[in-house]
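J.:
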Amino acid sequence: MPNHYHLVLRPLVDGEMSRFMAWVGGTHTMRYHSPYHTGGTGHVYQQRYKSFPIQDDAHFFVVCRYVERNALRAGLVERAEDWRWGSLWHWLHAPDPNLLSRWPKSRLPRWTERVNQCLGDEELAACRLSAQRGKPLGDEGCVESIARRLHLESTMRPRGRKRVRFPENPDKEACPLRIRSKWIGPNLK
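Going left to right, the sequence shown walks through residues 1 to 189 as full-length UniProt numbering numbers them.
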């Protein structure tokens, strides 16, 4: 993508991803500003990176498809493997073990064909929700377990304050008038 990037990372140690992303962001910012001699003046990225844990099963492949077909979804290429800056292109043309790590699971058969197929509406919505909220992606039981273990329970709840429910008042139309007349006074109705 011309204005952002996606990474699927698997940290080996707690806190490692945060340090890695700080290094990536800082290094890229310095290299971006260097030719323009604008070091220290402004951000390259609008906000902090977004991350979410993924259950290590079919959900992992859904996220990888989401990432590898991003340029196709944006209409920048006709096939996902044509995006020269994407990992799928690199796996097919110039696999560099220093650039791309082996996957924790073997790719599914006919992977390139699968990447070029649209994600289902539910899969796409789940990926987007997880990216926006930091909510773990996986089966319901696994998601709850991951959220508890990583202290991400807030990502499971709806945003905003909890709605306050007032008890039903059968005389609700008259109630505001009575209150108002007490505030205003009997002569100022």
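We treat Cβ as the ideally placed atom computed from N, Cα and C, and that holds for glycine.
#1: So, at 6 angstroms on beta carbons, what are the nonlocal neighbours of E123 in its own chain, with the 5 sequence-adjacent residues on each side left out?
#2: With DSSP run on the structure shown, which of helix, strand or coil describes L137?
#3: Quick check: what's the CA-CA separation for R128 versus S34?
#4: When you compare only the Cα positions, how much space is there between T155 and E78?
#5: Roughly how many whole angstroms lie between the Cα atoms of R31 and A80?
#6: Please report the straight-line C-alpha distance between G120 and L137, rounded to a whole angstrom.
#7: Report yes if the C-beta distance between E68 and G39 is below 8 angstroms; otherwise report no.
#8: Straight-line CA distance for C64 to A94?
#9: With distance defined between alpha-carbon atoms, name the residue in N3, L12, R163, G134 nearest to Q46.
#10: With a Cβ-Cβ cutoff of 8 angstroms, do A131 and F52 count as a contact?
#11: Looking only at its chain, what residues have a beta carbon closer than 8 angstroms to the beta carbon of L150, apart from the 5 residues adjacent to it on each side?
#12: Excluding the five sequence neighbours on either side, which residues of its own chain have a C-beta within less than 7 angstroms of the C-beta of V115, listed in chain order?
#13: By the 10 Å Cβ neighbour count, where 16 or more other Cβ atoms means buried, how is P23 classified, buried or exposed?
#14: How far does the alpha helix (DSSP H) with L72 in it reach, from first residue to last?
T.: With the given structure in hand:
#1: V62
#2: strand
#3: 34 angstroms
#4: Those two C-alpha atoms are separated by around 35 angstroms.
#5: 28 angstroms
#6: 15 angstroms
#7: Taking 8 angstroms as the cut-off, the beta carbon of E68 is found no closer than this to the beta carbon of G39.
#8: The alpha-carbon separation between C64 and A94 amounts to approximately 19 angstroms.
#9: With distances taken between Cα atoms, Q46 lies closest to N3.
#10: yes
#11: P53, P136
#12: R65, E68, R69, A80, L88
#13: One point to set straight first is that residue 23 is Trp, not Pro, in the sequence displayed. The residue is exposed, with fewer than 16 neighbouring Cβ atoms inside 10 Å.
#14: 70–73
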